[in-house]
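Chains as they are written, first to last, in the UniProt record's numbering: chain A, 1 to 346; chain B, 1 to 346; chain C, 1 to 346; chain D, 1 to 346. Where a beta carbon is used, it is the ideal one built from N, C-alpha and C, also for glycine. Please read all numbers here as calculations on a predicted model, not as lab measurements. Read the structure below first, then the notes.
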């Protein structure tokens with residue numbers, strides 16, 4: 001068995017941080033030794049997250065380099081524009097970093113600045129960062145010292161389009177991703193729209209004019225396509241906590257193709273992508289709590305429009321679980337280590 | 001004031017029936033005198049629907065012609081393939097009929113039979129029936145003695161696409177309707193998938209291979225387009241009771257058009273269609289309990305894809321409310337009579 | 001018909017304010033002419049509450065005496081400790097006031113100060129204020145110029161206990177009220193515990209050590225009992241928007257009593273209290289959106305413990321609806337005016 | 001490590017069965033070799049429970065003795081009155097049985113028959129069955145060949161009252177348990193009341209006149225008290241899937257007692273009972289997915305009424321988890337084996 005890695009988590013009070021704690025507490029090669037929080041330093045982690053009483057026996061500490069000095073690997077579960085300030089020193093100190101925030105995902109620092117509204121402070125590290133989607137970059141992740149874990153929408157959308165785009169079967173200029181998310185994707189933000197009384201029994205689109213995950217998705221799909229893709233991306237908010245359902249539309253060059261076989265072979269060896277049988281329709285609860293992307297591919301009426309349904313748990317395969325998957329690759333463990341437990345249903 | 005109409009409701013135990021009772025109980029020109037139910041005949045209506053205690057003081061009766069003999073107008077809120085058996089005798093007896101079920105919506109009896117799995121028993125009445133969407137057929141509805149009230153999805157989708165299609169601005173062959181509904185659209189069906197424990201905290205697509213509302217939508221859009229349209233329609237189930245959100249995608253012939261003005265003028269005179277200001281995004285709760293379709297039109301990134309967001313309450317503008325709107329037209333009352341009360345929020 | 005009253009609403013951005021707007025917009029004797037909001041002055045009311053687009057055509061104004069100068073009656077839907085500052089001047093100006101906040105509910109200014117953490121600024125008005133529960137104080141309300149509309153929990157609990165306590169059938173020292181509420185009772189507070197992701201799929205008690213509605217309930221029950229009552233009150237938070245369910249326990253002096261008759265006769269003439277048939281169990285959805293308290297009384301196992309189940313919509317009979325009921329009494333209108341529309345179910 | 005036990009699950013399509021599969025699939029000493037279902041025999045388990053795709057690779061089989069012949073231990077997750085027919089033969093064949101249904105919980109066969117509406121077919125086995133609540137019967141469970149796993153309500157209520165009753169501090173004649181459950185406690189029953197559209201946004205009491213868990217709770221509490229206890233038990237249905245919250249009321253003989261210390265010492269050594277710090281209030285989400293009972297004890301206003309708040313996940317500590325805890329005791333494994341993973345929150 002791999003030697004135990006000493007783990008630090010920066011930004012442990014958010015939902016992705018809590019999910020990292022849940023997953024890593026049961027991981028045989030991980031020992032969480034430091035969890036930081038600017039606001040809650042000094043209080044027990046299990047006070048913020050009572051489900052961890054008896055499981056995690058640490059107090060939150062201030063997010064300083066000193067407090068992370070004994071760590072082998074540091075996970076960032078911070079809002080955007082935080083990690084980029086602290087990562088350089090950690091890398092210099094020989095630590096490896098897995099960043100769940102957006103700071104190192106976009107390869108173009110200018111584009112990053114335009115979407116996130118602030119200049120990037122270490123653009124040279126962007127090149128060094130490896131995009132942490134194992135289905136795209138498995139080997140690079142294994143060797144990386146800085147991994148940029150993907151956003152939740154990009155995970156569901158990119159995995160869903162990947163076989164179609166790589167096979168060159170569709171019109172790259174007219175991709176549509178109609179995506180729906182549970183509210184935990186927004187983190188623990190104190191905004192009126194995320195109050196129970198404002199969300200329950202309602203459904204809405206948001207960010208139609210432009211969402212930060214759009215350039216991230218476009219970057220991955222364009223790389224696959226070998227050309228810039230045209231993507232319309234409309235996210236929606238579902239009155240539920242967890243889950244993303246992406247409904248993807250693409251125009252086939254020809255109706256003469258076996259999409260089911262295409263998808264099944266594309267993902268035959270992937271431990272965390274599950275192509276459902278023909279005709280099936282995945283539900284977000286089928287992946288709740290699990291590090292898994294389940295998908296189905298349809299061609300309604302036998303026509304030339306491909307419809308892909310792709311579901312993930314935004315906090316697991318869309319965040320903490322995928323980060324642990326990267327961690328496993330980085331330390332040479334079984335990629336599924338600590339990620340095999342199925343989710344609870346109902 | 002219009003003389004009071006004596007109203008019968010056939011199939012009063014379902015959700016559309018309950019909603020008719022709610023709306024008609026407060027309508028100054030309506031007096032509900034008979035509510036039928038095969039299973040609950042003899043028991044008080046208010047036992048099935050305790051919110052109506054003190055409001056509706058009737059017992060359910062068997063659905064027979066005799067029990068409807070004193071009615072001026074009969075609403076059907078039955079499952080499909082029921083109304084077609086009883087409507088002919090009622091019309092012969094001089095009653096006017098508003099059918100909320102699917103029986104008289106499709107103009108092609110063969111197509112109807114193929115989607116509903118049974119032969120139509122009075123195909124000649126199909127021609128006579130007027131499709132009850134006032135925004136399409138106001139004058140015909142006023143004179144009709146048989147109105148086929150539209151389905152819930154068709155209401156949201158057809159109203160949403162109408163200005164674009166009528167103006168001929170989009171590629172008719174590539175319309176996409178990604179629609180999401182609360183569960184009450186399925187009625188009170190005792191199917192496992194509609195149990196709370198199976199729906200809560202989950203989201204899924206269904207009917208991707210073909211949904212009965214597809215031909216109904218296609219029929220209306222094709223009539224507007226003057227040619228057969230190509231439509232991909234993917235319905236989804238949201239963990240909420242009421243509400244439909246249709247996200248519509250169409251490819252513009254040119255990016256040089258003012259969609260906001262187009263929509264505002266198209267619906268300037270419609271009492272129950274509300275075009276939101278540019279940039280807005282409607283939420284289903286904004287129409288909960290109300291006979292209203294609110295919509296917004298977007299062109300993400302200023303490109304050539306139009307995105308329309310259209311919301312209704314499936315039981316009101318998508319069923320009972322629209323039926324009452326037709327009723328008002330038929331009796332010469334103000335179209336908004338009994339429909340002006342706003343919904344409750346939160 | 002009663003002459004139209006010109007209405008002002010102070011604190012119109014909260015949920016009780018929105019519900020007042022919904023109810024008063026359909027009330028034949030009310031015309032809302034001013035809605036105040038410190039934060040949103042200058043913006044349209046219908047922007048904050050899109051369900052009111054086309055119904056309320058006012059902008060929010062600053063909460064000043066000038067802006068309320070033309071009002072006959074002013075409703076306060078403010079947080080506690082606001083109305084007491086503004087009410088004296090309004091009364092002096094000859095306006096009548098219905099305060100939905102807590103400022104004038106407790107008759108003991110010292111007790112008020114100890115629960116609300118601030119001194120009362122106009123204790124002399126406390127005496128003048130009439131507690132606005134028509135089932136207790138109908139005549140006084142009609143003549144009042146200052147009405148203190150009851151809290152939501154007190155409405156459900158006091159109405160539920162009233163027949164038992166007035167008949168002197170129970171041990172006054174051991175009353176238990178186990179109450180459950182939807183989250184809208186907390187208003188639009190931006191607290192983490194009211195986020196969707198923190199409330200959905202969870203249930204909890206809160207305020208076990210002491211809740212502000214405890215002294216208010218105790219005050220009413222003690223007045224009925226003619227002696228101080230002993231009350232244990234435990235509130236709980238249900239993952240739903242609207243509704244209060246109070247489960248009340250009292251120890252009967254004797255098991256030899258007909259509680260069903262007692263309750264039915266106690267409330268025989270009340271338009272907004274509905275005693276269900278023996279054995280029934282009310283659901284909060286049976287009163288959703290309606291100004292109604294439905295209740296049932298049980299004696300499990302035929303023993304000497306009475307169990308009363310009492311439900312209201314916290315925003316209607318527990319707030320805005322009850323305030324409109326008081327308004328009707330104050331202006332000499334039918335008590336049910338504008339309150340007859342049943343709620344929507346499902 | 002303990003040798004792997006070969007496990008059979010009878011009634012694998014229900015929620016308790018699914019939860020057993022989830023827990024046992026990750027248990028180092030268990031290998032599930034047979035899962036029965038009368039209705040679904042021949043179809044893959046993972047078709048009914050897609051979250052188990054890739055985890056459980058078995059087909060459902062008919063529930064026959066033959067199909068369970070190779071099992072060491074058989075779990076029953078059947079509706080009541082099923083296990084009692086099959087258990088005798090399995091015991092005769094040398095298998096050990098853990099019955100999650102109600103068949104062997106009540107020690108009085110007559111009382112069982114009166115509550116379950118059918119005669120018990122093997123009353124002699126009732127005596128042999130050990131009630132599977134480790135906090136009451138740890139040693140007996142370890143030696144048992146037939147364990148009757150407790151009901152969900154009894155687990156939350158009995159553990160909550162236990163320290164008070166065993167210490168003899170309260171009036172045994174006036175115990176009140178106001179309990180609230182998520183809907184999965186009702187199993188996958190196709191009853192209208194469990195439809196999403198009938199449950200969402202509503203809260204209600206049920207079974208006030210008498211619930212089957214009442215005699216079970218009374219049996220345990222009376223055994224502790226050494227005398228028959230008087231218990232009023234009112235269950236309620238919460239619009240959520242999982243979780244039980246019991247609010248318990250008892251009248252203290254004296255207000256002079258340290259309940260916090262009493263509870264902390266009573267449960268100091270229990271791995272799956274967690275007494276929260278003074279003043280805390282547990283939420284059902286704090287135990288979601290986890291085999292844990294968390295509780296807090298209060299004395300509101302310092303008076304003589306004790307209020308205990310006790311939460312469990314009805315499918316875990318209230319069903320499958322507790323059954324696995326018994327299984328661990330029976331095979332001599334660590335009691336916490338396979339049960340240590342914390343639940344996911346949010």
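- Against chain B, the beta carbon of residue 241 of chain A has neighbours under 7 Å at 201, listed in chain order.
- Contact annotation for residue 192 of chain B against chain D: 188 and 190 [CB-CB distance below 8 Å, chain order].
- Spanning the alpha carbons of residue 227 of chain D and residue 156 of chain D requires a straight line of approximately 21 Å.
- The beta-carbon of residue 309 of chain B is placed less than 8 Å from the nearest beta-carbon of chain A.
- Residue 13 of chain A sits buried, since 16 or more C-beta atoms from the chains shown fall within 10 Å of its C-beta.
- Across the segment 153 to 167 of chain D, no CB contact with chain A closer than 9 Å is found for any residue.
- Check the Cα spacing between residue 248 of chain D and each of D/214, D/312 and D/176: the tightest is with D/176.
- In this structure the segment 189 to 209 of chain C touches the segment 272 to 284 of chain D; the number of beta carbon pairs closer than 8 Å is three or more.
- Cβ atoms of residue 183 of chain B and residue 78 of chain B stay farther apart than 8 Å, at about 19 Å.
- Cα atoms of residue 169 of chain D and residue 217 of chain C: separation of roughly 29 Å, rounded to the nearest angstrom.
- In this structure, the CA atom of residue 27 of chain B is about 13 Å from the CA atom of residue 33 of chain B.
- Sixteen is the threshold: when 16 or more other Cβ atoms of the shown chains lie within 10 Å of the Cβ of residue 53 of chain B, as they do, the residue is buried.
- Counted as a single uninterrupted DSSP element, the stretch harbouring residue 37 of chain D is not any alpha helix (DSSP H), since DSSP gives it neither H nor E.
- DSSP, read as helix, strand or coil, puts residue 292 of chain C in coil.
- In the three-state scheme derived from DSSP, where H, G and I count as helix and E and B as strand, residue 160 of chain C is classed as helix.
- Taken in chain order, the unbroken stretches of alpha helix (DSSP H) that lie wholly in the UniProt domain "Semialdehyde dehydrogenase NAD-binding" (6 to 144) of chain D and span 4 residues or more are 15 to 25, 45 to 48, 83 to 92, 109 to 116, 123 to 128 and 134 to 143.
- Listed along chain D, the residues sitting closer than 7 Å to residue 183 of chain B by beta-carbon distance are 196 and 197.
- Identification of chain A residues near residue 305 of chain B by a Cβ-Cβ cut-off of 7 Å yields 232, ordered along the chain.
- Taking C-beta atoms under 8 Å as the contact rule, residue 65 of chain A and residue 89 of chain A qualify, at a distance of about 5 Å.
- Interface flag for residue 28 of chain A against chain D is unset, since no Cβ pair is found closer than 8 Å.
- For residue 249 of chain C, the closest Cβ of chain D is nearer than 8 Å.
- Along the segment 277 to 290 of chain D, the positions whose C-beta sits under 8 Å from a C-beta of chain A are 282, 283, 285, 286, 287, 288, 289 and 290, read in chain order.
- Residue 202 of chain C sits in coil when the DSSP states are folded into three classes, being neither helix nor strand.
- CA-to-CA, the gap between residue 85 of chain A and residue 105 of chain A works out to about 15 Å.
- With a cutoff of 8 Å on beta-carbon distance, residue 99 of chain D and residue 118 of chain D are scored as not near each other.
- For residue 249 of chain B, the pairing in a beta bridge is given by DSSP as B/176 and B/307.
- The straight-line gap separating the alpha-carbon atoms of residue 307 of chain B and residue 112 of chain A is approximately 26 Å.
- Counting along the chain, residue 324 of chain C sits inside the alpha helix (DSSP H) bounded by residues 321 to 331.
- DSSP, read as helix, strand or coil, puts residue 231 of chain A in strand.
- According to DSSP, residue pairing for residue 236 of chain A in a beta bridge involves A/180 and A/205.
- Take the alpha-carbon of residue 265 of chain A and the one of residue 161 of chain A: they are about 14 Å apart.
- Ranked by how close their Cα comes to the Cα of residue 222 of chain D, the residues D/171, D/199 and D/210 have D/171 in first place.
- Across the set B/80, B/241 and B/60, the C-alpha of B/241 shows the shortest separation from the C-alpha of residue 194 of chain B.
- Secondary structure at residue 286 of chain C: helix, using DSSP grouped into helix, strand and coil.
- A contact is defined here as three or more CB-CB pairs under 8 Å, and the segment 118 to 134 of chain A meets this definition with respect to the segment 324 to 337 of chain A.
- If you draw a straight line from the Cα of residue 94 of chain A to the Cα of residue 148 of chain A, it comes to about 17 Å.
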